[in-house]
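Visitor: After the structure tokens below, expect a handful of questions from me.
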Amino acid sequence: YDQGPQVPDPRAPEYEYALRAHQRWWQIIWRSQSERQFKITPMTPEFGPDGYLHEAPFSREPVADLWQLNQWMAREEKQHYERFCKD
């Protein structure tokens, strides 16, 4: 579908493999940034803006709540980064 994300809801168990793959890539990026003494590392999830989140055919109802998705992703990646820093 036009402009749609590859994973409409990363909380879904069927997309756990994709979430974990992306998290491994982020660890590689963070390691590289740490070696280069970066102080800040931005992260932008791709669930929005309107029209980007997957919608059901005909009804055009979003498959998930965009605000909840972004809140969840922010918490998940903050925790992921904290675990990474402890290792």
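Here the sequence shown is numbered in this note's numbering, starting from 468 and rising by one per residue. Ideal Cβ placement from N, Cα and C applies to all residues, glycine included.
With DSSP as the reference, identify every bridge partner of residue 529, one or two as the case may be.
Guide: 522
Visitor: Along the chain, where does the alpha helix (DSSP H) containing residue 500 start, and where does it finish?
Guide: Start and end: 483 to 502.
Visitor: Which residue's Cα is closest to the Cα of residue 514: 554, 538 and 498?
Guide: 538
Visitor: Within its chain, find whatever has a CB closer than 6 Å to the CB of residue 547; leave out the 5 residues flanking it on each side and keep chain order.
Guide: 490
Visitor: Rounded to a whole number of angstroms, what is the C-alpha to C-alpha distance between residue 527 and residue 501?
Guide: 43 Å
Visitor: With distances taken between CB atoms, is the gap from residue 523 to residue 530 smaller than 8 Å?
Guide: Contact flag set, yes.
Visitor: How would you call residue 509, buried or exposed, if buried means at least 16 neighbouring beta carbons within 10 angstroms?
Guide: With fewer than 16 other Cβ atoms within 10 Å, it is exposed.
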